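Structure, as structure tokens:
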Amino acid sequence: MPDALYTFENENYKNAYRHTTSHILAQAVKRLFPDTKLAIGPAITDGFYYDFDAPEPFGPEVLEQLEAEMKKIIKEKLPLERFELSRDQAVALMEERGEPYKLELIHDLPEDAVISFYRQGDFVDLCAGPHLDSTGRVKANAFKLTSCTGAYWRGDSSKKMLQRVYGTCFMSKDELDAYLERVEEAKRRDHNKIGRELGYFTTVDVIGQGLPILMPNGARVIQLLSRFVEDEEQRRGYQLTKTPFMAKRELYKISGHWDHYREGMFILGDPDDETTECFALRPMTCPFQYQVFLNSMRSYRDLPMRLGETSTLFRNEDSGEMHGLIRVRQFTISEGHLILRPDQLEEEFKGCLELAKFMLETLGLEGDCSYRFSQWDPNNTAKYEGTAEQWNAAQTLMGKILDHLGIDYKIGIDEAAFYGPKLDIQIKNVHGKEDTLITIQIDMLLAEKFGMEYVDADGSKKRPYIIHRTSIGCYERTLALLLEKYAGALPLWLMPEQVRVLPITDRTADYADQITKTLRASGFRAETDRRSEKIGYKIREAQLQKIPYMLVLGDKEAETNTVTVRTRAGGDQGAMALADFLAAITEERDSRAIK
RNA sequence: GCUGGUAUAGCUCAGCCGGUAGAGCAGCGCAUUCGUAAUGCGCAGGUCGUCAGUUCGAGUCUGACUACCAGCUCCA
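Taking the numbering used here, the leading residue of the first sequence gets 613, the next gets one more, and so forth.
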């Protein structure tokens, strides 16, 4: 039998190994805290977890005690034995052992399901398996319990919150250490850390949760990104709009937001008093941009109408949801709506996708993204507008387009917008948590609600289709992911400060200023560091700030009218004529090169 | 919203059993004029997140609130 069978290269073996470790954890918990009830404990991407209903939450000290107990269980080399029971026997066993969560799981199994258990010593768990044959197979020095947090039973926030213990395990201590080091390295790139340290954003208690202040560096990057998007959209036939940040409640009643999204909106006024005016800050741009289309009678010749807006939105997220720049209550998005004839849908959808891909490629993020076809949940229709027929039609159409375009996607049930299915472009942050960066949505419902129509070639009035889309997503989130991707060393064209000019002595400070002036005249963001500090000190500071280019200027350079170039990644590059340096960085900037 | 954790100078962190606040870095001043990741000396900087409570006395103990972090749930 090939050795690879019993390594982590074998996905099945890895999962069985980690799943068995989770059982060892559960056994340790039962030994130390016998009143604890068991929920579930699967293997996951980076390890495993087990959910418990424990009388007391597990703190860090308890995790250490549990690790010690787990080592004992490993040493005992307990064999894992599988056995099957009839439904009645299974229920009786779990009742006897006092495991209400397991009883609920058994109850939900299909009538004809095989009900299997695994036993290791005094510990028995309802489990489909598979497992290793002995607890002794798990390496006692290559596992770690990483955290304990809350998690809802069955992922349902209306159900009880349990204690979830996360852990990881490998087949050697070296692999465990390497994994833990990777996690630490990822944390060092966390935008929430470096974004604050490097002056991209901050938060302030008195302003409130989810309302970050963009500092000069962050504001600059977002300005550069939004200019880039607006120019690119203009090139691709978009018209620019600028619509209000708020509207009367009546607008949201038409769009359906009042019924489906009220909890997510900031409302100004008493929403229940119909005798007074009530406003709400906009959580989306759609109903506002539709007014542009509605402004006059539209011909089939006017379509497609592509509307773009750098649009600030407000969403009243629950208090625990905010995270750095990734999840906030006010954000600005590259929003747009395309109003179309049905025959234009596929072509325009493709155009939106090409634009999104162009943006992602330019930023260097494309390789980190995955696609999700977000559909409604036919069992949860209250969340959605429209009929099953309308949803099926929209989703079938979208599925066809995605297949034509050869998009490799996974399906997300109950992930749709309330008005239609979405293609979400997903990306993971440094913690491995996935968020939507870009979304393209087909909407066959709102045009009807707003009475949008165009006059077709035969003179009859027709209902247009609408695509909702972003091209680069929302700027705050995109900035966060860029900071993480590049650990703060953004591509030259996006760097808030592109060149730092460093005179070695006061004698060359004026020459340095002259160079800075020339660079600025060519549109570069450059600063002179005129302080009376040693060159090593100035370089260190510029390096820590990830400045792409440093120009080190001493008497030699001033005399020969040259600049000595240092790059943040490559160190000293030697002396050259300013014109040559300028030509090189102009090319790098204008091509939006990723270095 | 839920679970757990955290909150001391701009930043990173000390501060014991409750007795009135400490360091390094950053900042400012002076000296230094230096060739590729930290020059030296000095100065200044804090209603210990906020509000209550216990106590002769609270950074330290208790409660509520606010914000931040991780996870859950929810979402761009």
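We put the beta carbon where it would ideally sit given N, CA and C, even for glycine.
Quick caveat: nothing in here was measured; it's all calculated off a predicted structure.
Distance check for residue j and residue i, CA to CA, integer angstroms please.
i	j	result
Gly748	Glu959	59 angstroms
Arg630	Gly659	6 angstroms
Leu1057	Tyr764	34 angstroms
Phe566	Ile1079	No statement about residue 566 is possible, as the shown extent of the chain runs from 613 to 1207 and does not include it.
Met613	Asp745	Its pLDDT being 47, under 50, Met613 is placed unreliably by the model, and the measurement read from it follows with that caveat. So the alpha carbons of these two residues sit roughly 17 angstroms apart.
Arg1081	Thr648	48 angstroms
Ala725	Met858	54 angstroms
Leu1131	Asn1173	15 angstroms
Met706	Asp930	37 angstroms
Glu1237	Phe620	Any property of residue 1237 remains undetermined from this structure, which presents the chain solely from 613 to 1207.
Lys995	Phe1030	6 angstroms
Thr974	Phe840	10 angstroms
Glu845	Leu967	8 angstroms
Asp843	Asp817	36 angstroms
Ile727	Tyr618	27 angstroms
Gln1157	Leu810	6 angstroms
Ile1023	Asn991	16 angstroms
Ser698	Thr1008	42 angstroms
Lys1045	Arg1180	30 angstroms
Val1175	Ala1133	17 angstroms
Met1103	Val833	This sequence places Pro at residue 1103; Met is not what is there. One C-alpha to the other measures close to 11 angstroms.
Asn622	Thr657	14 angstroms
Leu836	Lys969	18 angstroms
Pro1209	Ile1019	With the chain covering only 613 through 1207, there is no way to say anything about residue 1209.
Ala592	Glu1169	The requested residue 592 is not part of the displayed model; the chain covers only 613 to 1207.
Phe1193	Glu1199	10 angstroms
Tyr625	Ser784	15 angstroms
What residues in its chain sit with their C-beta under 6 angstroms from that of residue i, if we drop five residues either side in the sequence?
i	result
Asn627	Ala655
Ala1124	Val1113, Pro1115, Thr1140, Leu1165
Ala1059	Arg1075, Pro1076, Ile1078
Pro899	Leu863, Ser867
Arg1204	Thr974, Trp1105
Met1107	Pro1160
Do you know whose CA, among the options, lies nearest residue i's CA?
i	options	result
Ile1050	Ile1084, Leu823, Tyr1098, Gly1166	Ile1084
Gly830	Val816, Glu1096, Leu1091, Phe970	Leu1091
Asp989	Tyr662, Pro1033, Ile686	Pro1033
Phe943	Arg1204, Leu826, Asp663	Leu826
Thr1128	Leu1106, Tyr1161, Lys1146	Tyr1161
Glu893	Phe970, Pro742, Lys1158, Glu875	The sequence given here places Leu at residue 893; Glu does not occur at that position. Ranking the options by Cα distance to Leu893, first place goes to Glu875.
Thr924	Met909, Ser946, Phe905, His935	Ser946
Leu952	Arg941, Pro722, Gly767, Phe905	Phe905
Asp914	Gln956, Thr855, Thr887	Gln956
Thr780	Met773, Arg766, Leu1102, Val795	Val795
Gly762	Tyr662, Ala1028, Glu723	Tyr662
Gly822	Leu837, Asp1202, Arg941	Arg941
Arg1178	Leu644, Leu837, Ala1154, Ile879	Ala1154
Lys1146	Ile1159, Arg1137, Thr1117, Glu711	Thr1117
Pro1120	Asp1167, Asp1020, Gly1186, Gln903	Per the sequence shown, the amino acid found at residue 1120 is Thr instead of Pro. Of the candidates Asp1167, Asp1020, Gly1186, Gln903, the one whose C-alpha sits nearest the C-alpha of Thr1120 is Asp1167.
Ile652	Ala638, Ile1197, Arg643	Ala638
Ser759	Ser838, Gly767, Glu673	Glu673
Taking DSSP's pairing of strands, which residues face residue i in a bridge?
i	result
Pro691	Ser746
Cys981	Ile1039
Lys1034	Ser986, Gln1053
Pro1115	Leu1165
Gln677	Beta-bridge pairing links Gln677 to no other residue.
Tyr1021	Tyr983
His1080	His949, Gln1053
Val1175	Met1188
Phe782	Answer by DSSP bridge pairing: none, since Phe782 is not bridged.
For residue i, which residues from the same chain have a beta carbon less than 7 angstroms from its beta carbon, with the 5 sequence-adjacent residues on both sides left out?
i	result
Ala640	Leu678, Glu681, Met682, Ile685
Arg808	Thr814
Leu1017	Lys962, Leu965
Gln901	Thr853, Thr855, Leu919, Glu921, His949
Ile938	Asn1041, Asp1047, Arg1089, Ala1092
Ala1191	none
Gly741	Arg694, Ser728, Tyr730
Ala666	Phe645, Thr648, Gln775
The ligand MG heavy atoms versus the CB of residue i: any closer than 7 angstroms?
i	result
Met934	For the ligand MG, the structure offers nothing, since it holds no ligand at all.
Apart from the five residues on each side of it in sequence, which residues of its chain come closer than 8 angstroms, Cβ to Cβ, to residue i?
i	result
His743	Ala628, His631, Thr632, His635, Leu692, Arg694, Tyr730
Gly1063	Leu906
*On the three-pair Cβ rule with 8 angstroms, is the region 752-772 touching the region 688-696?*
no
_For the structure I just gave you, are there three or more beta carbon pairs, one from the region 855-873 and one from the region 893-911, closer than 8 angstroms?_
yes
_Assess contact between the region 1087-1101 and the region 1037-1046, defined as three or more Cβ pairs (one per stretch) separated by less than 8 angstroms. Is contact present?_
yes
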